[in-house]
Structures are given as C-alpha cells and as structure tokens.
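**Q** Input: one structure, supplied below.
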Amino acid sequence: MILFPAIDILEGRAVRLYKGDRNAVTDYGDPLEFAEKWAEAGARWLHIVDLSGAFSGKSGIDKTISEIKKRFKINVQSGGGLRTVEDVERRLDAGADRAVIGTMAAYDPDAFALAAFRFSGKIVAGIDARGGMFAVKGWTEQTDMTAVYFGKKCKKMGIRYALFTDISKDGAMEGVNVCETIRIQKETELSVIASGGVSSLQDVVNLRDSDVYGAVLGKALYTGAIDLKEALAAAHRE
Numbered sequence: 024m025i026l027f028p029a030i031d032i033l034e035g036r037a038v039r040l041y042k043g044d045r046n047a048v049t050d051y052g053d054p055l056e057f058a059e060k061w062a063e064a065g066a067r068w069l070h071i072v073d074l075s076g077a078f079s080g081k082s083g084i085d086k087t088i089s090e091i092k093k094r095f096k097i098n099v100q101s102g103g104g105l106r107t108v109e110d111v112e113r114r115l116d117a118g119a120d121r122a123v124i125g126t127m128a129a130y131d132p133d134a135f136a137l138a139a140f141r142f143s144g145k146i147v148a149g150i151d152a153r154g155g156m157f158a159v160k161g162w163t164e165q166t167d168m169t170a171v172y173f174g175k176k177c178k179k180m181g182i183r184y185a186l187f188t189d190i191s192k193d194g195a196m197e198g199v200n201v202c203e204t205i206r207i208q209k210e211t212e213l214s215v216i217a218s219g220g221v222s223s224l225q226d227v228v229n230l231r232d233s234d235v236y237g238a239v240l241g242k243a244l245y246t247g248a249i250d251l252k253e254a255l256a257a258a259h260r261e
C-alpha cells in the first residue's frame, strides 16, 4: 500500500484544518521543510493540497511544487483549485505527477472528460463525501450525486485512481472510515486512496489488510501520533 504524506497549503503555509473548516486552522510552518522531512523518511509520494485554490479557485502553489520537485526525488499528487483543463495542465507542468479533480466534474463535466482524456493516467478523481454524498468547492457545497455514482462515472471515463475523503473524519483523529473506503473501491472498481481520519498505525494496517490502494497521512504525522518510517514499514509488511 502506498502512503501519501499530506502537505495542505494555505497562503503559503503548511496547515491542517479540522473537518475542512477554514476557520479551524493550525499553522505548521514552511511547506518545503515538511517536503524534505517526509522525503528523508522514505516517502515515495507527497499529497499536496492548494487550500487557497480549493476555497477561491485561484491557485497559488505551482511554484512550491516546482521547488519541491527540483530539491527532492519524490512523486507529487496535487489537488485544490483545479477548475479548468488549463489549471490541470499548469499543475502538471509545474511538476505534479498526478492531479486530483473533484469540483470540475460537478460544474463542468465536459472539461472533466477532456482532462481525463488528455492527461490519461495522471488524473485522480477527488471523491469528497459527507453522509455518502459528493461534496465540492473545498467541501463547502454538496451535490445531489452519491460518492459511488460519481466514482462509477469516473471509471467509465478511463480514470484509474480515486482519492476518497470522508469529510466528517478529516483532521478529527477519530480513525479512518475503513468500511466506506472498501465499499467505494469495490463498487467503483477504482484504485482508492483513503483520506481523512488516518490517526494510528492500526488504521494503516487495517487499510493495508483490506487491499486498499493507498492512504493519505495528515494530522497524525504533524502531531506525532504516527511516525512516518513506522507507517511505511507497516504499509509494506506482508
């Protein structure tokens, strides 16, 4: 199982939100310092989120991604603020290896389909859900689509990966929603990356044993609840 240490960036700073609330922010400092820390610990991927872009639609992290790719030998998966095909192209040109898209799918499905076709293999469907329903625009708006329905649509477009976030669990340190993650992966047939609530090594083991493709580690890394080296070892242990 692949682990993705998260770096959420708001106004140039590495932060964590509580359940997606932009008014419940903890500032952890320079994103580049954390990129170096996670790379040195052995991570093969980073999950970088442009929170400013997610909330406003105006991206501001492309330079940061470029700098990370220059300094460290690590893959970058990135989302937040990708509302047009041009946004996706810029993010990938900046150095991101994969782009996570959610909001575009709800508000401009034709552009989403074009991005899925043009950047085949580099698109991750961002399935953010609250109560089983697909949410967009930095989790501030809920659609009338279920998370599973959206995932199935993505699969038909040729998308292979999905980032599933249970919003109610994100940043709460309450444990990951393993059952819902498994259900999403099984019913959509996408390779699912679990996000939101991974708070212990046991969560990592539970996801690994459930054959989940990957997991994003966020707040638990920043608080010290999870040691990344130990988590990486647990994720690969047979």
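If you use my numbering, the sequence shown closes out at 261, no skipped numbers anywhere.
C-beta atoms are modelled at their ideal positions from N, C-alpha and C, and glycine is treated no differently.
None of the values given here were measured: they were computed from a predicted structure.
(1) Do you know how far the Cα of Ala238 is from the Cα of Ile25?
(2) Would you report the Cα separation of Ser101 and Ala122, rounded to the nearest angstrom?
(3) Look at Gly52 and Ser89 and say whether their C-beta atoms are less than 7 Å apart.
(4) For Asp229, which three-state DSSP category applies?
(5) Once you ignore the five residues that flank Thr107 on each side, which residues in its own chain have a CB closer than 8 Å to its CB?
(6) Of all the options Thr211, Ala47, Ser75 and Ile146, which has the alpha carbon lying nearest to the alpha carbon of Ile32?
(7) In whole angstroms, what separates the C-alpha of Ile84 from that of Asp250?
(8) Just verifying my parser: in three-state terms, what is the DSSP assignment at Tyr245?
(9) Flag this pair as yes or no: are the beta carbons of Leu213 and Lys252 separated by less than 7 Å?
**A** The short version:
(1) In the sequence shown, residue 25 corresponds to position 2, counting from 1. In the sequence shown, residue 238 corresponds to position 215, counting from 1. If you take the alpha carbons of Ile25 and Ala238, they lie about 7 Å apart.
(2) Here the question's residue 101 lines up with position 78 in the sequence shown. Here the question's residue 122 lines up with position 99 in the sequence shown. Looking at the two C-alpha atoms, the distance is approximately 5 Å.
(3) Translated into positions along the sequence shown, residue 52 becomes position 29. Translated into positions along the sequence shown, residue 89 becomes position 66. Not a contact, by the Cβ cut-off of 7 Å.
(4) Here residue 229 corresponds to residue number 206 of the sequence shown, with the count starting at 1. The sequence shown places Asn at residue 229, not Asp. Helix.
(5) Position 84 of the sequence shown, counting from 1, holds the residue named residue 107. Answer for Thr107: Met127, Asp131 and Ala134, listed in chain order.
(6) On the sequence shown, residue 32 is found 9 positions in, with the first residue counted as 1. When each option's Cα is compared against that of Ile32, the closest is Ser75.
(7) Here residue 84 corresponds to residue number 61 of the sequence shown, with the count starting at 1. Here residue 250 corresponds to residue number 227 of the sequence shown, with the count starting at 1. When rounded, the distance between both Cα atoms is 26 Å.
(8) By 1-based counting over the sequence shown, the position of residue 245 is 222. Tyr245 falls in the helix class under three-state DSSP.
(9) Residue numbering aside, residue 213 sits at position 190 when the sequence shown is read from its first letter. Residue numbering aside, residue 252 sits at position 229 when the sequence shown is read from its first letter. It is not a contact, given that the beta carbons lie outside the stated cut-off.
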